[in-house]
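S.K.: Mind looking over this structure? Questions follow.
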């Protein structure tokens, strides 16, 4: 199975889960994923959901074989703004040692690494004593709304597995792999303000009505303090600070603040007090504006006072924060700060997730009574060191993989998270790409660690 | 010449001047306007400009005939948001005694009133002793960028005329005509903020960088005080307060604040201190946000920190304010309030205009040495009273007609402004419309007042 050839084909299916216009792309990507799993040697089941089906690829075996759950998602983020792509988002190409296209890094490439590794490993060892459940969902980029019901239906099967291994997190560079020890949670909302019942001529009516853009700007501006903290009452209540070893491990990141500034293209960072920029994206909760829109946005000018405006907001959560609680507090703050003259509507987004900290007993191996999980961590560290010539670092990550915490809550399974994209991968942005050399080394590492887990048995 | 039939044809030409995609509509509307002027009995000249040509329709005659300049514009505002129109913007229909479509009220209907009146008057009085220069431009909705050069080229011809009569202002209702005694000026700018050099994943980078939406919200929020005044240093410097007679005349408006609230669909008004809502839109300067945009605005969610955001801003000016000065002050305030971590770009829009107060010597007739202008005011008052059964009121208006002040500055010509749309006309908004009964009465009034001016001679 050729990684580059298969990924190019996989990425051509424009599987944007958030937009019904991409139904063909979703179907095509799903069929491609099923085909890949079958060719790797797995039995495939497609589980229908109210929205996008979930794929299960299984390798069954006796109960004494270790049972690993692998995870990926075949859906991708929207590709907009399209005009900022060097080559079209869904016409992937190889250039400068990378594959460019939407989904190359998030997440088609990383889970294809595991599929290719599995295919090669099972070709070499047809009788490998390892059970596999390869789970590929299609709603990760919209918060996995169908996942809880799926988890309930498949709870027993999954609970009998030993651990999850997945790659949907970042590493700092193509030769420095990170094992992710925690993820931030996420909650989202869309705030809509309605002022006058229709757009008004700003000459004939300007000066009498509260402009909804002004009201929205005032609300949004009120949500942070000058010290870069979130100005929502009780937002930081119960927040747990990172351990000293976590800060120490993070200092091993091969990235200086100057390099980070250059990468971002900004002249200053704005972390919350007591944190460096590199720490803040991992240790601090946030309230971010992901989109804003209202009034005339076309060429030239149109002198209106708009009737409606909106802002899309997400909060990232750290240990100690509760998703429902943060949504309630942020909604209350927004409603309380809206001026007279505008009406506020708040839509809470599906797919909220708590933070996730895994596993206990870091930095290197988990505590507890699960020998397969402990071996998975040890084999991962060893396999990464072998394939990349450098040991991995164990760090928290700022992103969110909502289903990880769901799985642990419902099935007790912990996850080993191996980062297979880098800051240069442009996740959720134009010119998304994956480093081919990194992926090829990762395939070797996956082969080695799965073989090690299999040979260690269940004790 | 049938008013309704001609207006339906005229409006079908989608003459959106701000968008090059509407070149066909601009050409079609211009040809239609030329045809209408010719059929009314005028000689037509089309004056090329760098953008949209200006139409001149002339009726020449001896120097002792009064010489009136009539004005209109054949371009219209964009029709967005298209989904809020009951029937398509450029497929005009008659419904409930009104003609619905983009441009029916601003300004194709009102200047068609003057054309039809002229056609009927000249049909009855082929030898009427009246000179006409009918000027119809195509860039009013984008600030008339070609008009200054046109004015220079035609300065001598226009300077020899006696006054301007036009209808591009509002009346409070279909049976209460307003003569506009002043217009607000306008200046515009687009503010663009650039943060990180590309869109960032808000999980991987949120907490380290200044979100440009947040920065823009903070800048926009800083531009007003809680008392609804504009928070730009020196904004109100030199502002002249309205005269007591102006407030008294405004109280004749057949519109209560409760009715205005119901019309707008809001539960409160937010005028600057010391002014009612109805006064504020005429007497107070403003800074309004006409549009804002950035980040993901599509369906669902996309967790980005955008690289770029923008806001479109216009200020309305009242007597005592200078356009260049206000632009400089507003730009300086915006630049000074931008946080570190974002870059600010400000594009000043073409087509700024000073306020306009005309004529001196209100309330009813102008002072000064121009007997034709004085007669035009008196005949207008008399003709409106006759056609509508009620005398007009003399009030300031909140909108801006940039070329009016340009004309006076360059040629010395004052303007009689007769309002032929109403608040229900939905100017610059979906479901723009014109009251047919009001237009038919206005045609009679225009016939009568032009006949009166002609017969009064030049002394």
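Chains as they are written, first to last, in the working numbering: chain A, 1 to 459; chain B, 460 to 918.
Here a beta-carbon is modelled for each residue, glycine too, at the ideal position from N, C-alpha and C.
Everything numeric in this text was worked out from a predicted model, so none of it was measured.
1. Mind listing the chain A neighbours of residue 756 of chain B? Cutoff is C-beta to C-beta under 7 Å, in chain order.
2. Looking at the C-beta of residue 677 of chain B, does it have a partner C-beta in chain A at a distance below 8 Å?
3. Measuring only the C-alpha atoms, how far is residue 263 of chain A from residue 511 of chain B?
4. Which of the residues in the segment 831-864 of chain B, read from start to end, lie with their CB under 8 Å from any CB of chain A?
5. When you compare only the Cα positions, how much space is there between residue 96 of chain A and residue 104 of chain A?
6. Can residue 599 of chain B and residue 532 of chain B be called in contact, C-beta distance under 8 Å?
7. If we cut at 8 Å on Cβ distances, does residue 457 of chain A have a partner in chain B?
8. Throw me the rounded Cβ distance for the residue 662 of chain B and residue 400 of chain A pair, which I believe falls under 8 Å.
9. Using a Cβ cut-off of 8 Å (strictly closer), state whether residue 18 of chain A contacts chain B.
10. Relative to the alpha-carbon of residue 40 of chain A, which residue among A:259, A:10, A:156 and A:126 has its alpha-carbon at the smallest distance?
11. Residue 673 of chain B touches chain A at which residues, Cβ-Cβ below 7 Å?
12. How should residue 483 of chain B be labelled, buried or exposed, when 16 other C-beta atoms within 10 angstroms of its C-beta is the threshold for buried?
13. Are the beta-carbon atoms belonging to residue 571 of chain B and residue 495 of chain B less than 8 Å from one another?
14. Exposed or buried, which one is residue 544 of chain B when buried takes at least 16 other CB atoms within 10 Å?
15. Confirm, please, whether the CB-CB distance from residue 454 of chain A to residue 129 of chain A is below 8 Å.
16. Hey, could you find the ends of the beta strand (DSSP E) residue 71 of chain A is sitting in?
17. Is the number of C-beta pairs between the segment 237-245 of chain A and the segment 316-323 of chain A that are closer than 8 Å three or more?
18. Suppose only complete runs of 4+ residues qualify. What are the alpha helix (DSSP H) ranges in the segment 393-422 of chain A, listed by chain order?
19. Relative to the ligand SAH, is the shortest distance from any of its heavy atoms to the C-beta of residue 684 of chain B smaller than 7 Å?
20. Return the residue from the list A:385, A:406, A:132 and A:426 that minimises the CA-CA distance to residue 418 of chain A.
21. Taking all protein chains shown into account, decide if residue 794 of chain B is buried (16 or more other Cβ within 10 angstroms of its Cβ) or exposed.
22. Short check: CB of residue 306 of chain A to CB of residue 291 of chain A, under 8 Å?
23. Can you pull the DSSP bridge partners for residue 288 of chain A?
24. Taking 7 Å as the limit between beta carbons, can you name the residues of its chain near residue 220 of chain A, skipping five residues before and five after?
25. Can you pull the chain A residues whose beta carbon is under 9 Å from the beta carbon of residue 705 of chain B, in chain order?
26. Does DSSP put residue 559 of chain B in a helix, in a strand, or in coil?
27. Can you check whether the CB of residue 135 of chain A is closer than 8 Å to the CB of residue 70 of chain A?
28. Which ranges does the beta strand (DSSP E) cover as unbroken runs of at least 3 residues, wholly within the segment 494-530 of chain B, from first to last along the chain?
29. For residue 50 of chain A, which residues of its own chain have a beta-carbon under 7 Å away from its beta-carbon, when the five flanking residues on both sides are left out?
30. Considering residue 593 of chain B, what are the terminal residues of the beta strand (DSSP E) in which it resides?
31. Alpha carbon to alpha carbon, what distance is there between residue 864 of chain B and residue 618 of chain B?
32. Roughly how many whole angstroms lie between the Cα atoms of residue 714 of chain B and residue 669 of chain B?
33. Residue 142 of chain A CB to nearest chain B CB: under 8 Å?
34. Pop quiz: residue 517 of chain B and residue 705 of chain B are said to be a contact at Cβ under 8 Å. What is the actual Cβ separation, rounded to whole angstroms?
35. If you check the beta carbons only, do residue 460 of chain A and residue 279 of chain A fall under 8 Å apart?
36. Between residue 579 of chain B and residue 734 of chain B, what straight-line distance do the alpha-carbon atoms span, to the nearest angstrom?
M.R.: Let me lay it out:
1. Close to residue 756 of chain B, with beta-carbon spacing below 7 Å, are these residues of chain A in chain order: 291 and 293.
2. For residue 677 of chain B, a Cβ of chain A is located within less than 8 Å of the residue's own Cβ.
3. Taking the straight line joining both Cα atoms gives about 45 Å.
4. Interface annotation for the segment 831-864 of chain B against chain A: 856, 857, 858 and 859, criterion Cβ-Cβ distance under 8 Å.
5. 15 Å
6. yes
7. no
8. 5 Å
9. Yes, because at least one Cβ of chain B sits closer than 8 Å to the Cβ of residue 18 of chain A.
10. Checked all of A:259, A:10, A:156 and A:126; the closest Cα to residue 40 of chain A is A:126.
11. 220, 224 and 289
12. Its Cβ having fewer than 16 others within 10 Å, residue 483 of chain B is exposed.
13. yes
14. buried
15. yes
16. 67-73
17. yes
18. 402-411
19. Within the structure as shown, the ligand SAH is missing, as the structure has no ligands at all.
20. A:385
21. If you draw a 10 Å sphere on the C-beta of residue 794 of chain B, you find fewer than 16 other C-beta atoms in it, and that means exposed.
22. Against a cut-off of 8 Å, the Cβ pair of residue 291 of chain A and residue 306 of chain A comes out as no contact.
23. A:314
24. 289 and 311, listed in sequence order.
25. For residue 705 of chain B, no chain A residue has a Cβ inside 9 Å of its Cβ, as the nearest lies near 15 Å away.
26. Residue state, collapsed to three classes: strand.
27. Yes. Within cutoff.
28. 502-506 and 513-518
29. 146
30. 590-596
31. 14 Å
32. Taking the straight line from one Cα to the other gives about 47 Å.
33. Residue contact with chain B for residue 142 of chain A: present (Cβ-Cβ distance below 8 Å to some residue of chain B).
34. The Cβ separation is near 36 Å, so there is no contact.
35. Because chain A is modelled from 1 through 459, residue 460 of chain A falls outside the range shown and cannot be assessed.
36. Taking the CA atoms as reference points, residue 579 of chain B sits about 44 Å from residue 734 of chain B.
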